[in-house]
Amino acid sequence: MSAGPDTTPDEPGGGAGNAMPVVFRAIAPVLECHLLHAVTRFGVPDALSDTPRPAEEIADALGLHRDALRRALHALAQSGYVAEGPPGLFALNDAMRALRSDSEMPGATLLLTHVEHSLPLYAAVGHTIETGEPASEKVYGKSYFAHLAERPEAQRGFVEGLGRVGTLAFGPALARLAQELTPRVRKVVDVGGGDGFLAEGLLRGDPELRAAVLDLPSVLDAARDRLAKAGLLDRCELVPGSFFETAPAGADAYVIARCLHNWNDERAVAILRTVRAAMGTEARLFVLEQLVPEEQDDSAAYPDLLMMLIGGSERTESQYARLMADAGLRLTGTRPFGPGVGGVTTSLLEAVPA
Ligand SMILES: C[S@@+](CC[C@H](N)C(=O)[O-])C[C@H]1O[C@@H](n2cnc3c(N)ncnc32)[C@H](O)[C@@H]1O
26 MSAGPDTTPD EPGGGAGNAM PVVFRAIAPV LECHLLHAVT RFGVPDALSD
76 TPRPAEEIAD ALGLHRDALR RALHALAQSG YVAEGPPGLF ALNDAMRALR
126 SDSEMPGATL LLTHVEHSLP LYAAVGHTIE TGEPASEKVY GKSYFAHLAE
176 RPEAQRGFVE GLGRVGTLAF GPALARLAQE LTPRVRKVVD VGGGDGFLAE
226 GLLRGDPELR AAVLDLPSVL DAARDRLAKA GLLDRCELVP GSFFETAPAG
276 ADAYVIARCL HNWNDERAVA ILRTVRAAMG TEARLFVLEQ LVPEEQDDSA
326 AYPDLLMMLI GGSERTESQY ARLMADAGLR LTGTRPFGPG VGGVTTSLLE
376 AVPA
């Protein structure tokens, strides 16, 4: 399925009297998203191979409805999510390969978690536009992270998916950063560290380094498993807690990766203040976030809206500098660190106590 006829109101068939093109353009991607979620959940990517197979054969193998699956895959083929040819026969392409359970990319995990726990928020965006309140408060009656914390499987999928993407995107840069911090930095605390991918990357880069990962208690099992598998658990402490209340004191460096954009300015400053209070005068803070360019730029518009739904915001460098200043920190430098969502670059911001 394509995103619908690309007509403008001035084109034949797209005039103001004909609402269908604009309505279709709006609804088609939503259905496409649910189609992709359904075929992924049923295991279709794993059942496909490089050799085209009839939809009926895949439906029989997975216990699905033959005609409905053929029509669903045909629609997905129109927008490039699966290869079709000859007609009715389907094979893997790059997009479908990324959704297989054996893919290096955690496409399936991220898609399933997003559709099941973030897509319901889309329907409440009107509430946010009307009131400014996060859609998650309206839909779940609590913050997005409090909602995930009550669903250990989804929460684990979320942090592990982010961690796998993080390793692919930032693994080499983390090893270089660890080298650069040697020998002055002996202990680093990763605040809101998720599945521990960042701690793992730094610990691999410097065999003398020690780390601590602070996150909600329910997240730390994922970090424990990951670091144990990497043989690094003896150099990494796991600290259950809330970054609004506490952070381990006395480390040489602190990292907050991809967390501040989940929260509004007031909450983001609260996290920074917790970390500032834990930092000695010589300690350094690193913040990993994708930055919105200072000048008007459309690339971050949708990533920013995703954050808006949960009460956060994508920000420019100067906006982060202001939040840091409000928390008693001074931004000392910013450098590109790797890719971000939707073509935006992820940057590493460095700060010291003001
Ligand atoms: C977007 S994830 C980023 C995780 C990791 N830093 C990364 O880059 O993959 C946000 C993290 O913040 C954690 N988090 C949310 N609320 C928290 C809180 N109150 N205290 C500590 N961690 C929290 C989540 O559990 C999650 O691991």
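Heads up, the sequence shown stops at 379 in this note's numbering, and the numbers go up one at a time, no gaps. Note that the Cβ used here is the ideal one computed from N, Cα and C, for glycine as well.
Whole angstroms is fine: what's the gap from residue i's alpha carbon to residue j's?
i, j, result
"Ser372", "Leu356", "13 Å"
"Glu400", "His62", "The shown model of the chain, from 26 to 379, leaves out residue 400, and the question about it has no answer."
"Asn43", "Phe49", "11 Å"
"Thr299", "Lys254", "30 Å"
"Glu155", "Pro265", "36 Å"
"Gly105", "Asp75", "15 Å"
"Val83", "Arg91", "The question names Val, yet the displayed sequence has Ile at residue 83. Answer to the nearest angstrom: the Cα atoms are 8 Å apart."
"Arg347", "Ala326", "21 Å"
"Gly217", "Met45", "45 Å"
"Arg301", "Arg340", "20 Å"
"Leu117", "Gly110", "11 Å"
"Gly157", "Met333", "9 Å"
"Phe67", "Gly221", "30 Å"
"Asp322", "Arg360", "19 Å"
"Val190", "Glu375", "22 Å"
"Ala148", "Val55", "11 Å"
"Ala379", "Leu354", "5 Å"
"Asp250", "Leu187", "15 Å"
"Gly166", "His172", "8 Å"
"Pro131", "Gly305", "38 Å"
"Asp35", "Val47", "Because Asp35 sits at a pLDDT of 48, beneath the cut-off of 50, its placement in the model cannot be relied upon, and the following sentence gives the value as read from the coordinates. If you take the alpha carbons of Asp35 and Val47, they lie about 12 Å apart."
"Arg235", "Glu314", "23 Å"
"Gln204", "Gly256", "19 Å"
"Val280", "Pro159", "26 Å"
"Thr192", "Val369", "17 Å"
"Gln180", "Lys163", "20 Å"
"Glu185", "Leu135", "9 Å"
"His99", "Ala108", "9 Å"
"Ser324", "Gly365", "11 Å"
"Ser243", "Arg260", "21 Å"
"Gly358", "Glu129", "33 Å"
"Gly89", "Arg122", "Here residue 89 is Leu; the residue named in the question, Gly, does not match the sequence. Using only the alpha carbons, I get a separation of about 20 Å."
"Val377", "Arg309", "5 Å"
"Ala200", "Glu57", "39 Å"
"Gly363", "Ile52", "33 Å"
"Leu206", "Gln103", "49 Å"
"Asp85", "Gly113", "14 Å"
"Asn289", "Pro208", "36 Å"
"Ala293", "Leu87", "46 Å"
Sort out for me which residues DSSP pairs residue i with in a bridge.
i, result
"Leu310", "Tyr279 and Ala376"
"Gln315", "Thr371"
"Phe115", "Arg78 and Glu109"
"Asp240", "Pro265"
"Asp215", "Val238 and Val280"
"Gly363", "Thr371"
"Leu354", "Pro378"
"Arg340", "Leu316"
Taking Cβ to Cβ, would you say residue i is nearer than 8 Å to residue j?
i, j, result
"Ala303", "Ala274", "yes"
"Leu331", "Val312", "no"
"Phe115", "Pro77", "yes"
"Glu319", "Glu342", "yes"
"Val97", "Leu60", "Inspection of the sequence shows that residue 97 is occupied by Ala rather than by Val. In contact: Ala97 and Leu60 (Cβ atoms closer than 8 Å)."
"Ala237", "Val214", "yes"
"Leu146", "Thr65", "no"
"Met349", "Leu297", "yes"
"Leu94", "Ala80", "yes"
"Ala120", "Ser126", "no"
"Glu241", "Leu263", "The residue you asked about is not Glu; residue 241 is Leu in the sequence shown. Cβ distance not < 8 Å, so Leu241 and Leu263 don't count as in contact."
"Ala248", "Phe269", "no"
"Ser168", "Gly336", "yes"
"Leu252", "Glu233", "no"
"Ala282", "Lys212", "no"
"Ala272", "Leu223", "no"
I'd like to know if residue i contacts chain D, where contact means its C-beta is closer than 8 Å to some C-beta of that chain.
i, result
"Pro361", "Of the protein chains in this structure there is only one, and it is not chain D."
Q.
Three or more C-beta pairs under 8 Å: does that hold for the stretch 188 to 196 against the stretch 221 to 232?
A. yes
Q. On the three-pair Cβ rule with 8 Å, is the stretch 128 to 143 touching the stretch 167 to 181?
A. yes
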